[in-house]
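217 is the number that UniProt numbering gives to position 217 of the sequence shown; each next residue is one higher, with no gaps.
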Amino acid sequence: MPCIIRNALQHWPALQKWSFPYLRATVGSTEVSVAVTPDGYADVVRGDRFVMPAERHLPLSHVLDVLEGQAQHPGVLYVQKQCSNLATELSQLLSDLEPHVPWASEALGKIPDAVNFWLGEAAAVTSLHKDHYENLYCVVSGEKHFLLHPPSDRPFIPYEMYTPASYQLTEEGTFKVVDEEAMEKVPWIPLDPLAPDLARYPSYSQAQALRCTVQAGELLYLPALWFHHVQQSHGCIAVNFWYDMEYDLKYSYFQLLDSLTKAAGLN
């Protein structure tokens, strides 16, 4: 079950240090991978396409300037690179926190596969999806708003297959959608849980969403395969640890439920 652990990060120097001035002074000149979208939704269904964000490499100081209203950039910015970007792009910040969560590493019997840094505008939203990772989501500044569904809600959550595409940012500052060549179709959830189209997806009315807010200094344990939709306060700073899941009986149960859902035509 998901669980918020309060006061889990009080011993991290990052909790006191990671202000915008500190980030600007410490890693402001460092270029980071930034997801850029016209409306804040990255990895989302638009029409008959699964659209991924445009990616730009920008100095972190420029991202901070945009967040503070001192500079402009087309679209909505979100530092959300999910391949251990804290270690690969912002390694100067590693000494401000633990390299892993010791009690979680002991319980899970492994160390994290990735440690990710998150920073973005309030308009940046993560669409409903699930991950094959045990997720420890740590909020350093601001707050995150999670809408959650357990894996057992799978029969009520629609999936469809979509042609993958990406946003491209033109020189004029507008966005266009360009298909990704030589990529297979992608299964994704077309439903927006904040405004579900129950006429099209009536089964979703049987799903029971859980909602929680994770504040600065708190850690959310989000188990693998739980569906989640995420919003945030403006300029929220967070770090998450991804531990690879065990492909055990729980995974087999989910695969069975997924197969039965498809066989019953509930998609």
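For each residue, glycine too, the CB sits at the ideal point set by N, CA and C.
Could you tell me the distance, in whole angstroms, from the CA atom of residue i to the CA atom of residue j?
i, j, result
"D39", "A123", "7 Å"
"W18", "L64", "12 Å"
"P2", "P102", "18 Å"
"T37", "E172", "15 Å"
"Y167", "V66", "20 Å"
"V230", "V125", "6 Å"
Which class does residue i belong to by DSSP, given the choice of helix, strand or coil?
i, result
"V66", "helix"
"S33", "strand"
"A122", "coil"
"A107", "helix"
"D244", "strand"
"Y251", "helix"
"K262", "helix"
"Y167", "strand"
"N85", "helix"
"V101", "coil"
"Q92", "helix"
"D179", "strand"
"R200", "coil"
"Q232", "strand"
Could you check whether residue j and residue i sit closer than 8 Å to each other, using their CB atoms as the reference points?
i, j, result
"L191", "L128", "yes"
"L14", "V140", "Going by the sequence as given, residue 14 is Ala instead of Leu. Yes, these two residues count as a Cβ contact at 8 Å."
"P59", "T30", "yes"
"A114", "Q80", "no"
"E134", "L77", "no"
"H62", "M245", "no"
"L86", "V239", "yes"
"L147", "P202", "no"
"I237", "L119", "yes"
"A216", "E160", "no"
Let me make sure I understand the geometry here. Which of the options has the alpha-carbon closest to that of residue i?
i, options, result
"C212", "H145, K176, W242, Y253", "H145"
"H57", "V101, V44, E89, F175", "E89"
"A207", "A104, I157, L260", "I157"
"K176", "P74, R24, L67, G28", "P74"
"K250", "E218, S152, A216, V230", "S152"
"L222", "D96, C236, W242, S95", "W242"
To the nearest whole angstrom, what separates the beta carbons of residue i and residue j, a pair I think is in contact under 8 Å?
i, j, result
"S33", "E55", "6 Å"
"Q92", "V27", "5 Å"
"A165", "E180", "6 Å"
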